[in-house]
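Protein chains: 2
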Amino acid sequence: MPSEATANVSPHVRKKRERRRGEILHAALATVRERGYHATTLDDIADRLGIRKTALYHYFPDKDAILYACHRESLSELDRLIHDSAACCASNRERLAYLIREHVRVMTEKLEGSPLAFEVSALSPERRAEVIAGRDRYEHVLRDVVAAGVESGEFRAVEPKIAVFAILGAINWIARWYDPEGGARGTDLGEQFAEFLLQGLVA
Amino acid sequence: MPSEATANVSPHVRKKRERRRGEILHAALATVRERGYHATTLDDIADRLGIRKTALYHYFPDKDAILYACHRESLSELDRLIHDSAACCASNRERLAYLIREHVRVMTEKLEGSPLAFEVSALSPERRAEVIAGRDRYEHVLRDVVAAGVESGEFRAVEPKIAVFAILGAINWIARWYDPEGGARGTDLGEQFAEFLLQGLVA
DNA sequence: TAAAAAAATGAACAAGCGTTCAAATACGCC
DNA sequence: GGCGTATTTGAACGCTTGTTCATTTTTTTA
């Protein structure tokens with residue numbers, strides 16, 4: 142059965158299938174984090190699950206689709222952050238702090254220090270365009286918050302584009318060094334990053 | 142002739158050879174920046190120079206050696222920054238600002254927004270160990286400067302390790318978005334980064 | 001409990017890529 | 001200017017990896 146063709150299957154089978162897809166994505170993320178997408182083989186992913194690589198084709202049409210599904214999950218998390226930050230915060234400063242803190246938390250808790258930010262060019266052209274669009278949406282919200290903060294006097298006169306690149310660089314780099322078993326917990330880390338990066342901006 | 146075996150050749154031939162090696166490294170860096178080390182083929186590198194991939198073996202013993210040589214150049218630049226910053230600066234704050242500014246300048250002017258920071262695990266074990274040691278030296282200098290600044294009261298009570306990871310993340314990410322033809326010049330960028338990251342630290 | 005569906009397997013294939021090698025071409029040098 | 005050296009070439013090889021496919025095994029469902 143093709144990867145997402147779940148029409149006419151029972152809820153039980155659908156659940157089982159979703160669970161397996163989730164396991165594959167989790168195994169893929171762990172290996173991509175360790176050695177990058179191109180150096181990750183389907184054998185590597187399958188080995189983590191105790192199955193043969195040919196079984197993966199029951200759930201995903203090809204290797205690229207696995208990477209793409211990882212990206213979609215990540216982007217959907219970021220979309221959620223955008224949505225929640227619009228509702229929870231009174232000032233631009235507060236909103237940016239929330240976004241930084243929560244982005245760090247997502248990076249460290251849910252997406253295993255997600256290496257996806259480094260693996261966009263590996264996607265096929267159509268999928269890459271979609272992922273870039275999603276990433277750009279998130280980036281633009283960050284820029285808008287920074288620009289609004291400059292305008293309101295909360296932040297000093299920085300270029301939103303540069304500031305946001307620096308912020309995202311600091312956050313994405315967490316994937317390169319964060320050890321879940323290390324001393325820094327994700328929530329503490331998020332606080333430290335928010336404080337550091339916000340203080341870099343305030344007027 | 143093996144890659145670095147230049148005993149008994151004339152200065153002219155040695156110069157020519159060094160120039161060619163530099164061209165190869167430059168072509169390699171450009172392609173690695175575009176698509177990552179694993180997705181970069183020897184054909185890709187050779188194409189940029191108008192030669193066949195088999196000619197590369199005249200200058201480097203293998204593909205890994207090309208990546209390794211790129212790293213060594215990069216590390217030697219960073220060693221120079223360390224040395225110069227020890228001589229030029231009166232305070233920890235000034236020294237850290239210098240290092241950030243100059244690191245950004247090197248990234249944008251000399252090593253084509255160097256993607257090397259992302260490509261360490263691709264090296265063979267021995268070479269990787271050496272490159273990691275070199276990178277750690279640089280990182281430790283940064284940490285020491287931050288720690289000394291905290292101690293002297295120039296910086297607030299941050300964890301040097303976390304702060305330096307955030308700083309390096311912001312800087313290394315430049316390789317992902319910096320466009321040499323874009324608006325931001327490396328020197329301006331270095332100033333902005335130094336200001337932003339320093340202000341994030343001051344007491 | 002048996003038939004149908006889902007999931008997994010092993011074998012095989014095609015393509016790509018790093019590397020080697022002998023030969024040809026270009027350059028250096030006396 | 002000719003011999004020696006440096007550089008490049010095209011062909012070939014071995015290996016890896018993504019993918020396909022027929023078959024087997026396991027699970028689901030009525």
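Residue numbers (the numbering used here), protein chains in the order written: chain A, 142 to 344; chain B, 142 to 344. We treat Cβ as the ideally placed atom computed from N, Cα and C, and that holds for glycine.
V343(A) counts as exposed, since fewer than 16 other C-beta atoms from the protein chains shown sit within 10 angstroms of its C-beta. Per DSSP, Y239(A) is one residue of the alpha helix (DSSP H) stretching across 233-246.
Spatial neighbours of L338(A) in its own chain (CB-CB distance under 6 Å, excluding positions within 5 residues in sequence) are listed in chain order as I241, I308. Burial is judged here by how many other beta carbons sit within 10 angstroms of a residue's own beta carbon; S255(A) has at least 16 and is buried. Contact annotation: in the segment 173-186 of chain A, residues whose CB is within less than 7 Å of a CB in chain B are R176, G177, H179, A180.
Per DSSP, the continuous alpha helix (DSSP H) segment holding C211(B) begins and ends at 204-229. In the pairwise beta carbon analysis, the segment 261-277 of chain B is classified as not touching the segment 296-303 of chain A: fewer than three pairs are separated by under 8 Å. Listed by position along chain A, the residues whose Cβ is nearer than 9 Å to that of A335(B) form an empty set, because the closest Cβ is around 11 Å away. Taking C-alpha positions only, A206(A) is separated from R213(A) by approximately 10 Å. Residues G275 of the same chain have their beta carbon placed closer than 6 Å to that of L216(B), with the five preceding and five following residues left out of the count.
Here the alpha carbon of L219(A) sits roughly 9 Å from the alpha carbon of E243(A). Only residues of its own chain outside the window of five on either side were considered, and among them F334, L338 have a CB closer than 7 Å to the CB of A311(A), listed in chain order. In its chain, beyond the 5 residues on either side, K194, L197, K204 have a beta carbon closer than 8 Å to the beta carbon of L183(B). Under the Cβ distance rule, F306(B) counts among the residues neighbouring chain A, one pair being separated by less than 7 Å. The C-beta separation of R221(B) from G290(B) comes to about 22 Å, leaving the pair out of contact by the 8 Å criterion. Residue environment for R246(B): buried (at least 16 other C-beta atoms within 10 angstroms of its C-beta).
Check the Cα spacing between A171(A) and each of V150(A), K157(A), S293(A), L252(A): the tightest is with L252(A). When the alpha-carbon of P266(B) is set against those of A168(B), D329(B), Y209(B), the nearest one is in Y209(B).
At least one CB of chain A lies nearer than 7 Å to the CB of A311(B). Here V343(A) is bridged, per DSSP, to F296(A).
The beta carbon of H167(B) sits closer than 8 Å to the beta carbons of E253 from its chain, once the five residues preceding and following it are set aside; these are given in chain order.
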